[in-house]
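Undergrad: Each residue of the sequence shown is one higher than the one before, counting from 47 in our numbering.
C-beta atoms are modelled at their ideal positions from N, C-alpha and C, and glycine is treated no differently.
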Amino acid sequence: MELLMRRHPNLRMCYQKNQNGEYHLQKMTTLKVDLREQNTTDWKSVMEESLLEKFDGKNGPLWRVTFLPNARYQSNADEETPEITSHPHECICIVGFHHIIIDGQSFSRMFAEFKTYLGNILNNEEPQVSSMQMLPPVELYLDEVTPPKWYHFLLPMVFGILGMVPGFTTRMMGGFVPKGNAFTRKYGVEIQRYPHIQPKTKIIPLEFTEDETSRLLKKCKEHKTTVQGAVQTAAGVSMVTMLEDLKLEVPTRVTVNIRPFLRSEVPNDYAGPYFLGVECKNLVVAAPDPGVFWNMAKQASNDIHAKLKNNVPIKEWLVMKYLIPVVFGAMSEEPKEDDGFAGRSRQLVVFTNLGYAKFLDGSPDDSVILRARFGCSAEHQQGTIFSNSMMTFNGKLFWTVTYYSNVVSNALAQKYASLVKETILKAIEM
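#1: Count the CB pairs spanning the region 154 to 163 and the region 314 to 324 that are closer than 8 Å, and state whether there are at least three.
#2: Buried or exposed: where does residue 467 fall if 16 or more other Cβ atoms within 10 Å of its Cβ makes it buried?
#3: Determine, using beta carbons only, whether residue 394 and residue 228 come nearer to each other than 8 Å.
#4: Between the region 180 to 200 and the region 333 to 352, can you find at least three pairs of beta-carbon atoms closer than 8 Å?
#5: What residue does the beta strand (DSSP E) around residue 427 start on, and which one ends it?
#6: Taking C-alpha atoms, which residue in 274, 410, 396, 332 lies nearest to residue 345?
#7: With distances taken Cα to Cα, identify the nearest neighbour of residue 178 among 194, 438, 318.
#8: Do you know how far the Cα of residue 65 is from the Cα of residue 232?
#9: Is it buried or exposed for residue 381, if we count other Cβ within 10 angstroms and need 16 for buried?
#10: I'd like the ranges of any beta strand (DSSP E) spanning at least 3 consecutive residues and lying wholly in the region 264 to 305.
#11: Return the residue from the list 320, 89, 83 that minimises the CA-CA distance to residue 4.
#12: Using DSSP with H/G/I as helix, E/B as strand and the rest coil, what is residue 155?
#13: Can you give the Cα-Cα distance for residue 454 and residue 461, rounded to whole angstroms?
#14: Does the beta-carbon distance from residue 328 to residue 282 come in below 8 Å?
#15: Can you find the residues in the same chain that come closer than 6 Å, C-beta to C-beta, to residue 403, ignoring five residues on each side of it along the sequence?
#16: Is the CB-CB distance between residue 421 and residue 435 below 8 Å?
#17: Return yes when the Cβ of residue 310 is within less than 8 Å of the Cβ of residue 187, no when it is not.
#18: Give the list of continuous beta strand (DSSP E) stretches no shorter than 3 residues that lie fully inside the region 309 to 369.
#19: On the three-state DSSP scale, how would you describe residue 466?
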């Protein structure tokens, strides 16, 4: 972990507030690694509890590692995993980051570095590590793509003046304050039924076998769509089924890696928050036959690609950059946790798909291999209904279904996860 900190500048940072009330990253006064060890075998509970603990932003570090030497990963995939006799030692690491210093793409590559460093040490080799250069804030890269126009700088003043008009602020805030969605209207939220429940981000890990993953990739290629289009459609079908509707436009947010769309190069292994969200609303029908499913998947995929081609996420960010301070200034108080919606936004599902991480593929010759990976972000105070994080490596798709104890019951979350997998498996039947 010290080698990773030596390699990545953002792992050496804390954050401070300047005289204008703006936060900025600053190097920690004392460099340290927050490394812990627990004897429990319940890794999911450790992961969920860690999402409740805030980072010491003022002093750092903005990341932590919990080592579970006695924990083992049990696959839910319907296949036998042969014992890897050349790798007799197994453990689980829970790694948490403040999102201001990292994203999924850079963390994935960071773990590949961790495997290399650990393998070097096990083989009595000296790891060769040099620090990456600290890059400018992500905002500067975004401004290169869509330079602000003169009128963007007038937005705060204009909205400040309009804010004096009776009722304007209330109407404007209506677009930003979570007001629930189709799911909360049908099912309500758990914290309304059980006011003393502890809001918590929870996960359901799903693993697809090599055969299932291979068939999914083959079907996507056959129907000229992407894995994202397929999994997004499966989630939409599952949501429509749970809402007991025949068809529905499912509001969805897809997190995208913006590095390929920047004018100045930012390496994929450079740790930083280089991501934005693509807002989608695709019409989904319940119980589709395979042909209808793949048509919807292709439409979802084409919709995302069209928005990325036109730089829609970056253009929307540019407007929000000047509007958000006005919105925060208009907020007289924090949203209540028991407001009847549990802080849920209009999006029913959110996706983070890290793609096929071939750099994480392992072999029996490697000193260290990665058996599985699951990840999520803490959104129990405000966010979506279900969040989905995916990554493929070693020929398998690993899917994390994330839900929130103050919003959805364990039984309802498990129903969604089961429906998602069943929908995918039905769509890839030969």
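TA: Straight from the coordinates:
#1: Per the Cβ contact rule, the region 154 to 163 is in contact with the region 314 to 324 (3 or more Cβ pairs under 8 Å).
#2: Around the beta carbon of residue 467, 16 or more other beta carbons sit within 10 angstroms, so the residue counts as buried.
#3: Pairing residue 394 with residue 228 gives a Cβ-Cβ distance under 8 Å.
#4: Judged by Cβ distances under 8 Å, the region 333 to 352 makes no contact with the region 180 to 200, as fewer than three pairs qualify.
#5: DSSP places residue 427 outside any beta strand (DSSP E), giving it a letter other than H or E.
#6: Taking the Cα of residue 345 as reference, the smallest distance to any Cα among 274, 410, 396, 332 is reached at 274.
#7: The shortest C-alpha separation from residue 178 is found at 318.
#8: Roughly 46 Å between the two C-alpha positions.
#9: With a pLDDT of 47 at residue 381, under the threshold of 50, the modelled position of this residue cannot be trusted, and the question is left open.
#10: Here the runs fully enclosed are 293 to 303.
#11: What the structure shows of the chain is the stretch from 47 to 476, and residue 4 is not part of that stretch, so it cannot be assessed.
#12: In this structure, residue 155 counts as helix in the three-state DSSP scheme.
#13: Computed Cα separation, rounded: 11 Å.
#14: Judged by their CB atoms, residue 328 and residue 282 are nearer to each other than the 8 Å cut-off.
#15: Hits under 6 Å: 154, 437, 439.
#16: For residue 421 and residue 435, yes; Cβs fall inside 8 Å.
#17: Going by C-beta atoms, residue 187 is nearer than 8 Å to residue 310.
#18: Listed in chain order, the complete beta strand (DSSP E) runs (minimum 3 residues) inside the region 309 to 369 are 321 to 331.
#19: In this structure, residue 466 counts as helix in the three-state DSSP scheme.
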